[in-house]
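Protein chains in written order, with our numbering: chain A, 128 to 592; chain B, 128 to 592.
Encoded structure:
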């Protein structure tokens, strides 16, 4: 596997001693541990930190930040390692802060429908804690990411069309700043107009403005009724229009996932299914039993008008699970199309009225470059993913994928969209930030300099300095 | 009326000439015009700017900002003048930028359900533009505020429980920075993880970080069915519990407004109605006809269990209007309780589980201080308003109101809430910011200094410097 090795000073011995003074044996310089914390799940090359620390409290993170700051050494927070744009690579060396040891449920306020967790807790662990409460946390990016990582990247996913992204579901944060100062942002009130929205600023800042150690989350009531449906369409345009019409009709759809023909083929092969190899939409509806029935009926009409076939409904949990298995397995199904190859996932987001056009142009480009790249869309948000399946031994494949990616980003921005809807910038998309935001990037830089004057927080990410 | 006169240098003649060069006759130093732009609708004393300018484009605002910056003169944006916490007072003199001339609909994208407006447009003007499109903009703070002002204060209101605050409904902004640079933030995509959330940072920044000149807004489909209901309860606790149970049951209520006994008495007298003088909740339900019927039935059961009486339903538009008239008139009804007196509106927000306790303690405090102050609550958000009706000739009344306000804020913060849910900080609540945010206020100051190093943007507001 490729490794980035940039020139940087070795970790000062004195700092290592100080870190051991703070964390005892929870400091590692072992090559394997460092390598493990030098990449996420992306195609970006590994860039190992010089040391990895495993704090168990905000105070320990603050002490680590104070020590690193005194020595001028970079700090890179590490969640569950599911990053897709090179967020955790130690591009300039430094100390990786592995948050896995901070996974406590700090508080659960059932009647207020909120909770507070430590940043290392993964969303599935939280799901476990919420069992039996009648509540759930809706943001589902697919991977079992840490809630800190999801906050830091402004994650979203399959249910965003109904329940919002992390931005709409984080009430407040505890953050360790560059010099080790601890602040809390937001609160437990459902809304506030008291001062600048620091919570919103740290969401999506990818560890470059501070290290998130605790998160207050908004929870939702588990709906009485849930129904799922799968239907396939003759064209991608019809499939997109089915989702757009559903939203415009005001159906509060909980999920509307679109898989293209290439992805459906992969899913069929992987899970031994026989769905039509055509653009397919997986719907999910949440509400009272009656509301779900009504939503389903409305969408049945919409998709029939658009010529959908093979319409399949499921209201029982096991049937829904079977139906959604195809969607959930799509990543591994895609990789299985070409054993020995690696996946490179990229995403963009456009106004929903431009989604079909953007997807079709991108698919044409993928074909023209003779690449294998299934497309999956959170269609209700105007967001889609391309998963390039790349042979690491064919140097030109990566180049061709990069060209397709660059053109896709350019296309999205030209349509009023964004270079990333949910994966984040990391260092993989840093080059596109100015194209998207223009002068506003200077404002971002001014904020970065104000909060991290020495540039020690996850350097080389998000903001081109 | 009281006027603040702080010592500050007079407006340089050269700047006045430059402003006239940019805006011709759209520059005024007339005493009446300056006084008109020296206060909102609050009790805070008037502080007139030295001049008022009336730009018609972002470019003109930028030119004004450049000129003021060169002369070191403060800039204060002015929307519709409905501010409640002294946002527009020219505490250090300077130039007020009246945005009323910037009220164009820049674009309307029906199929994407978004639009872009100039910041001076009021929400009712936008309502007019949307007529016949099947779309509406949901944020309703009561007053016919400008959308720029609503963005700058992070406004919310009666429908926030269902549709969110300005934060959830603003997609992007055009902002003129301190030195006159123009940036655009956000975009038309429904979500983005590309860089720091500048849109969120400017929302609620009250003109202290930049001057908002255009706003991209998310629109919503007008629901097929709307129903309203009014019901009164024996105790405030029962009324609050009715709303909390409704939300916990998952009913997507569109409005849940609670008026206390004092407010209901005022409303009865003002509009010649005969509602019981008891804590009363006004509900509104949005959805399909069937969904609205189901929601109404569920809430009927909930409120009956809590002993609600005088339950009144309305599905026809004219009946709903009659029902809601009482709520809409509540401000003027309150003022009419004591002719010749003025109103001072304040608001706080707490986790919904603490709302009843916080309201009851506050009402006891109002009684102990022998004040007249109706209470109205956006109960679904945990947010409530106290409107002190104050005799300007009785010096002690204002002091007593200030004590009640200070204790209410302290109480809210102790409960995990906020010193203002929707009115904003202005300079009226600046003293409470550190109590609420602690160390985080230093981070806000760092951001203020980074974006406005000379402190010329609405100085003396939001952040205590």
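The beta-carbon is built from N, C-alpha and C at its ideal position, and this holds for glycine as well.
Asked, Found
"Report yes or no: do three or more beta-carbon pairs, one from the stretch 305 to 313 of chain B and one from the stretch 181 to 190 of chain B, lie closer than 8 Å?", "yes"
"How long is the line joining the alpha carbons of residue 128 of chain A and residue 212 of chain B, rounded to whole angstroms?", "Confidence at residue 128 of chain A is low in this model, with a pLDDT of 42, below 50, so the placement of that residue should be treated as unreliable; the coordinate-derived value is given next. Each residue's alpha carbon lies about 59 Å from the other."
"Have a look at the DSSP bridge pairing and note the partners of residue 474 of chain B.", "B/512"
"Going by C-alpha distance, which of B/511, B/506 and B/515 is nearest residue 493 of chain B?", "B/515"
"Residue 351 of chain B: which of A/471, A/425 and A/165 sits nearest, CA to CA?", "A/425"
"From what residue to what residue does the alpha helix (DSSP H) around residue 253 of chain B run?", "250 to 257"
"Should residue 459 of chain A go down as buried or exposed, given a rule of 16 or more other Cβ atoms within 10 Å for buried?", "exposed"
"Would the beta-carbon of residue 476 of chain B fall within 8 Å of that of residue 509 of chain B?", "yes"
"Counting only C-beta atoms, is residue 571 of chain B closer than 8 Å to chain A at any point?", "yes"
"Kindly indicate if chain B contains any beta-carbon less than 8 Å away from that of residue 477 of chain A.", "yes"
"Is it true that the CB of residue 243 of chain A sits closer than 8 Å to the CB of residue 254 of chain A?", "no"
"Name the chain A residues that come within less than 7 Å of residue 564 of chain B, Cβ to Cβ?", "322"
"So, residue 180 of chain B versus residue 138 of chain B, is the Cβ gap smaller than 8 Å?", "no"
"Relative to chain B, which residues along the stretch 544 to 563 of chain A have a C-beta separation below 8 Å, given in chain order?", "544, 545, 546, 547, 548, 549, 550, 551, 552, 556, 559, 560 and 563"
"With burial defined as no fewer than 16 other Cβ atoms inside 10 Å of the residue's Cβ, what is the status of residue 154 of chain A: buried or exposed?", "buried"
"Can you check whether the C-beta of residue 304 of chain B is within less than 8 Å of a C-beta belonging to chain A?", "yes"
"Apply the 10 Å Cβ neighbour rule to residue 596 of chain B and answer buried if 16 or more other Cβ atoms are within range, or exposed otherwise.", "Chain B is shown from 128 up to 592; residue 596 of chain B falls before or after that span and cannot be answered."
"Kindly say whether residue 375 of chain B, judged by its beta-carbon, lies nearer than 8 Å to any beta-carbon of chain A.", "yes"
"List the residues of chain A whose Cβ lies closer than 7 Å to the Cβ of residue 415 of chain B, in chain order.", "421"
"List, in order along the chain, the chain A residues whose C-beta lies closer than 9 Å to that of residue 295 of chain B?", "291, 294 and 295"
"Should residue 498 of chain A be listed as close to the ligand FAD, given that the test is whether its C-beta is under 7 Å from any heavy atom?", "As presented, the structure is devoid of all ligands, the ligand FAD included, so that no description of it is given."
"Would you check if there are 3 or more beta carbon pairs closer than 8 Å linking the stretch 399 to 417 of chain B to the stretch 340 to 360 of chain B?", "yes"
"Rounding to the nearest angstrom, what Cα-Cα distance links residue 400 of chain A and residue 453 of chain A in this structure?", "8 Å"
"DSSP on residue 242 of chain B, reduced to helix/strand/coil?", "strand"
"Helix, strand or coil, according to DSSP, for residue 564 of chain A in the structure here?", "helix"
"I'd like the ranges of any beta strand (DSSP E) spanning at least 3 consecutive residues and lying wholly in the stretch 145 to 207 of chain B.", "178 to 180 and 202 to 205"
"Can the beta-carbon of residue 239 of chain B be found closer than 8 Å to that of residue 374 of chain A?", "no"
"Between the stretch 202 to 219 of chain A and the stretch 329 to 344 of chain A, do three or more beta carbon pairs fall short of 8 Å?", "yes"
"Out of A/274, A/319, A/468 and A/276, point me to the one whose CA is closest to residue 282 of chain B's CA.", "A/319"
"Counting contacts by CB-CB distance shorter than 8 Å, is residue 177 of chain B in contact with chain A?", "no"
"Assuming residue 175 of chain A and residue 167 of chain A form a contact by the criterion Cβ under 8 Å, report the distance between their Cβ atoms to the nearest whole angstrom.", "Incorrect: roughly 13 Å between the Cβ atoms, too far for contact."
"Using a Cβ-Cβ cut-off of 8 Å, state whether residue 587 of chain B counts as contacting chain A.", "no"
"If the cut is a Cβ gap below 9 Å, which residues of chain B does residue 328 of chain A touch?", "323, 324, 325, 327, 328, 570 and 574"
"Alpha carbon to alpha carbon, what distance is there between residue 487 of chain A and residue 275 of chain A?", "35 Å"
"Residues of the stretch 306 to 317 of chain B with a CB closer than 8 Å to any CB of chain A: list them in chain order, please.", "308, 309, 310, 311, 312, 314, 315, 316 and 317"
"Mapping DSSP to helix, strand and coil, what is residue 461 of chain B?", "helix"
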